[in-house]
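Chemist: Numbering (the working numbering), first residue to last: 8 to 757.
Cβ coordinates follow ideal geometry from the N, Cα and C atoms, glycine included.
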Amino acid sequence: MADRQYRYAQIIIDISHEKLDRPFTYRIPAALADQVEPGSRVRIPFGHAVRTGYVVELTDSCDLPEDKIREIGEVLLPGQGYSREKDSGFYIRLASWMKERYGATTITALKTVLTSRKTGKPKIRRQIRLLLDRDAAEEKLAFYHQKHQVARERLLRELIGTPVQPYDLITTRLHVGTPVIRAMKQAGVIEVDSYTDLRNPVSVSPDAAERKTLSPAQQRISDAVVESFEAGRPGVTLIRGITGSGKTEVYISIISRICRSGRQAIMLIPEIALTYQTLLRFYRHFGDRVSVINSSLSESEKADQWERARRGEIDVIIGPRSALFTPFERLGVIVIDEEHENSYKNESMPKYHARETAIQIARMRGACVVLGSATPSMESYYRALHGEYRLFTLDERLTGGSLPCTEITDMRMELRRGNRSILSRSLDSLIRDRLERGEQTMLFLNRRGFAGSVSCRSCGFVVKCPHCDVPMSLHRGGRMVCHYCGHQALQPKTCPDCGSPYISPFRAGTQQIETWLQEHFPGARILRMDADTTARKGSYEKILSAFANEEADILLGTQMIVKGHDFPNVTLVGILLADLSLYANDYRAAERTFQLLTQAAGRAGRGTRPGQVVIQTYKPDHYAIRLAARQDYEAFYEEEIRYRSLLLYPPAGHMLAVQIQSRDEDAAMLTAGMIRDLLQRKTAPAALIGPAVALIGKLRDNYRFVIYVKDVKYDKLIHCKDIIEAHLRTADLPARDLQVQFDFDPVVPY
Ligand code: ADP
Ligand code: ZN
Ligand code: ZN
């Protein structure tokens, strides 16, 4: 509660509409005075209805006549002011920063940052406990090994290291299924305990908890971050380091040093990349002071974790981007692992980026930010090279395992030699070899961002827009459209570059390839993982468990197989259609391709045996492919930044996508044209492109148009947004359902 009492509250009504996007004044009844604070959710009369809203400010005086002011009816949830004047309003200020920077109504920004605080029944948690002593366990392990009971062996080995572990961790991340757990329980090897309190999720034997001595390179990074934090210059640090180079160990060191002084830490990880080993390492270091948030938690379980954070029961939280809003008043550090990942961008309003938001939160809290990646985003590397971030590089694999040997095969040559199959001859024979040796293969079909672009199978030529240098996509009737500027052309009958008739949209799906593989390698056990086979709940984990248990020889899948899984028996990774993601009509296509290929290649040879990678492509000379095969990040960056600078794409410039939509096509088109004229007259940015029909021109009966604004200065784009917003507040719009959304520096094409 605030130390003094205020008479009025400024309240944002829970209706997302431009015209209502301002605070309304209400009187605070004496009975509620100690519950109303910034962030409180309240019920209030509004017009003829009763609505909910958020308190954003408390005031003593008010310009309105006393009899015009209505009273707050009820307080639904207290604010997040922690009853302390100092922190009161933190999230209100953060929401207003978000609204300003990303363009959203105040209410959507508030709902994003003010995490829900419902609490439910305490959930029953389960843990798996090893019953055998060391010798008996070792004996059992040898038995499982001899019987080739791979899942049992895997679980037992992990329990010998850490004898008590959370049930969920075992089933989801260690890929051990419930039948195996049941069988081991019946055999008296393990016990499953249930409990409802928030105890330490793992029990640690002392030697397992022993901290590793950092290498000199790791120590330098940890020292630099902690020392400048302590000296009051927190700042942002980027660590570029290949997988296995020791980044996570550095995060752990930084977090524990900063937490030792009573501060708190947020660690963001793209959920899919969070492996069993990584989670266990955090549990071992931070025990019950760490909490992990993931999508399998219900709303009330998440709320429980926020509550624990608020009460100061935990110091470290690990989770996806929403973990940023954990109520940590004494926040000292935010770590973002795999900082290049797209999942850090919120794709609904407000379209915030977790990296930028983390930096803002850190600035407001006096905390430092640590970013890490094997393939940093162009944005972060650009800032690091320009001195905005500190940059460190780790380039040795600590696990010893050597980098896989990578080969590029030119599919144009294969075609010329009469090979029309999906596999190059080289990949074909390598797969046969693995089948014979009983080793596993992963086949990755690169279809990311692919939206019907047209290419030549003889020379690799891709039909691009003459105005935007992005591939055009094919629509019905052979019409090709550029989704950046609206330029149209007819699909060519022969390749404009080499005259070959093999010019067509490439349409191979995982299912067709699976059928083909099955016929081609009779007897091979094949698993397929794509949007279809993982649609049912739990099927994703099932497929991965089956593959981990060596129930299949080949795992075929889309990009979802690329991340975060370590299968020691995989010694071959094949990348089919490596260049397909280059044809996405998106200025980030080359960057994404480079990241995907580098990541996919990293899947091979995680165990003791060396790995091999084959990249099949029609564009062996493209820099994204050539340099990914060499794992040469810096050379890639140099090439890519040249292209971005030339066309003023981020990070060399900034870009704002304005999306206009309505069920009334004419109304949407008219408004889009009007917005363009408005921007032209009032702001004259460096480039104004469109309006064009959006990539998905019609979605759920809404017609969608897009305008792109580019400029070197972000502020200029904010100015453009402000002008559009001001206009929408006052103008008579041609349709009631008309919506305008903003996306700054978009990571997906519109
Ligand atoms: P990354 O996060 O870059 O993939 P990790 O921190 O996971 O790298 O380190 C890779 C492997 O090396 C892990 O098994 C880790 O336990 C081990 N490791 C990391 N740092 C050290 C160290 N200083 N001494 C010994 N082993 C280390
Ligand atoms: Zn051609
Ligand atoms: Zn164009």
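1) Between which residues of its own chain and Glu-598 is the CB-CB distance below 7 angstroms, once the five residues before and five after are set aside?
2) So, with DSSP's three-state summary, where would you put Asn-349?
3) Check whether the Cβ of Glu-165 sits closer than 7 angstroms to any heavy atom of ligand 1, and report yes or no.
4) Is any heavy atom of ligand 1 found at a distance shorter than 7 angstroms from the C-beta of Leu-551?
5) Rounded to whole angstroms, how far is the Cβ of Phe-291 from the Cβ of Thr-169, which I believe are closer than 8 angstroms?
6) By a C-beta neighbour count over all protein chains shown, 10 Å radius and 16 as the cutoff for buried, is Gly-88 buried or exposed?
7) Going by DSSP, what residue range makes up the beta strand (DSSP E) through Ile-696?
8) Along the chain, where does the beta strand (DSSP E) containing Phe-53 start, and where does it finish?
9) Can you give the Cα-Cα distance for Tyr-721 and His-661, rounded to whole angstroms?
10) Is the closest heavy atom of ligand 1 to the C-beta of Ser-252 under 7 angstroms?
11) Are Val-470 and Pro-499 closer than 8 angstroms when you measure CB to CB?
12) Which two residues bound the contiguous beta strand (DSSP E) that contains Arg-7?
13) Taking 8 angstroms as the threshold (C-beta atoms), are Ala-116 and Pro-508 in contact?
14) Around the C-beta of Val-719, are 16 or more other C-beta atoms found within 10 angstroms, so that it is buried, or is it exposed?
15) The beta strand (DSSP E) with Arg-532 in it runs from where to where?
16) Per the contact definition of three or more C-beta pairs closer than 8 angstroms, is the stretch 356-372 in contact with the stretch 230-240?
17) For ligand 1, any of its heavy atoms closer than 7 angstroms to the Cβ of Ser-222?
18) Quick one: what's got a C-beta closer than 6 angstroms to Glu-25's C-beta in the same chain, skipping five residues either side?
19) When you compare only the Cα positions, how much space is there between Ala-608 and Arg-633?
20) Which one of Thr-244, Val-620, Thr-203, Ser-350 has the shortest CA to CA distance from Asp-311?
21) Please state whether DSSP places Leu-442 in a helix, a strand or coil.
22) Under the assumption that Leu-695 contacts Val-716 (Cβ atoms under 8 angstroms), give the Cβ distance between them as a whole number of angstroms.
23) Relative to ligand 1, is the shortest distance from any of its heavy atoms to the C-beta of Leu-286 smaller than 7 angstroms?
24) Can you tell me whether Thr-178 is buried or exposed, with buried defined as 16 or more other CB within 10 angstroms of its CB?
25) Going by other Cβ atoms of all chains shown within 10 Å of its Cβ, with 16 needed for buried, is Glu-146 buried or exposed?
26) Report the rounded CA-to-CA distance for Phe-457 versus Phe-601, giving the unit in angstroms.
27) Whose C-alpha, out of Val-209, Asp-593, Thr-413, is nearest the C-alpha of Ser-480?
28) Starting from Gly-680 and walking both ways along the alpha helix (DSSP H), at which residues does that stretch end?
29) Give, in chain order, every unbroken run of the alpha helix (DSSP H) that is at least 4 residues long and sits entirely within the stretch 616-642.
30) Which partner residues of Arg-34 appear in the DSSP bridge assignment?
31) Taking 7 angstroms as the cut-off, is the beta-carbon of Thr-185 closer than that to any non-hydrogen atom of ligand 1?
32) Ordered along the chain, which non-local residues of its own chain (more than five positions away) have a Cβ less than 6 angstroms from that of Leu-162?
33) For Phe-751 and Arg-432, I'd like the C-alpha separation in whole angstroms.
34) DSSP on His-152, reduced to helix/strand/coil?
35) Can you tell me whether Arg-651 is buried or exposed? The criterion is at least 16 other CB atoms within 10 Å of its CB, across all chains shown.
36) Where does Lys-106 fall in DSSP's three states?
Modeler: Short version:
1) Only residues of its own chain outside the window of five on either side were considered, and among them Met-385, Glu-647 have a CB closer than 7 angstroms to the CB of Glu-598, listed in chain order.
2) When DSSP states are grouped into helix, strand and coil, Asn-349 belongs to the helix group.
3) With a threshold of 7 angstroms, the Cβ atom of Glu-165 does not count as near ligand 1, since no heavy atom of the ligand is closer than that.
4) The answer is no for Leu-551.
5) In the sequence on display, residue 291 carries Arg and not Phe. Contact check for Arg-291 and Thr-169: beta-carbon distance about 7 angstroms, within the 8 angstroms limit, so the pair qualifies.
6) Model confidence at Gly-88 stands at a pLDDT of 48, short of 50, so the residue's coordinates are unreliable; what they give is reported in the following sentence. It is buried - the Cβ of Gly-88 has at least 16 other Cβ atoms within 10 Å.
7) Residues 694-706.
8) That run of the beta strand (DSSP E) goes 48-53.
9) Spanning the alpha carbons of Tyr-721 and His-661 requires a straight line of approximately 6 angstroms.
10) Ser-252: yes, Cβ under 7 angstroms from ligand 1.
11) The answer is yes: Cβ separation under 8 angstroms.
12) Here the chain covers residues 8 to 757 and nothing more, so residue 7 does not appear.
13) No, the Cβ-Cβ distance between Pro-508 and Ala-116 is not below 8 angstroms.
14) Result: exposed.
15) Run containing Arg-532: none; DSSP gives neither H nor E here.
16) Touching, no.
17) Using a cutoff of 7 angstroms, the CB of Ser-222 counts as near ligand 1, since one of the ligand's heavy atoms is closer than that.
18) Once the five neighbours on either side are set aside, the close Cβ partners of Glu-25 are Leu-735, Arg-736.
19) Going from the Cα of Ala-608 to the Cα of Arg-633 covers about 13 angstroms.
20) Among Thr-244, Val-620, Thr-203, Ser-350, the Cα nearest to that of Asp-311 belongs to Thr-203.
21) Helix, per DSSP.
22) About 6 angstroms; that satisfies the 8 angstroms criterion.
23) Because no heavy atom of ligand 1 lies under 7 angstroms away, the Cβ of Leu-286 does not count as near it: no.
24) Counting of Cβ neighbours within 10 angstroms places Thr-178 among the buried residues, the total reaching 16 or more.
25) Exposed, because fewer than 16 other Cβ atoms sit within 10 Å of the Cβ of Glu-146.
26) Legend: pLDDT at Phe-457 = 47, less than 50; position of this residue unreliable, no value from coordinates given.
27) Of the candidates Val-209, Asp-593, Thr-413, the one whose C-alpha sits nearest the C-alpha of Ser-480 is Asp-593.
28) In this chain, the alpha helix (DSSP H) harbouring Gly-680 covers 672-689.
29) Uninterrupted alpha helix (DSSP H) stretches at least 4 residues long and entirely within the stretch 616-642 occur at 630-636, given in chain order.
30) Checking the DSSP bridge columns, you'll see Arg-34 partnered with Tyr-15, Glu-78.
31) Here the distance from the Cβ of Thr-185 to the nearest heavy atom of ligand 1 is not below 7 angstroms.
32) Only residues of its own chain outside the window of five on either side were considered, and among them Val-183 have a CB closer than 6 angstroms to the CB of Leu-162, listed in chain order.
33) Rounded to the nearest angstrom, the two C-alpha atoms are 45 angstroms apart.
34) DSSP places His-152 in the helix class (H, G or I) of the three-state scheme.
35) Around the CB of Arg-651, 16 or more other CB atoms lie within 10 Å, so the residue is classed as buried.
36) Of the three classes helix, strand and coil, the one that applies to Lys-106 here is helix, per DSSP.
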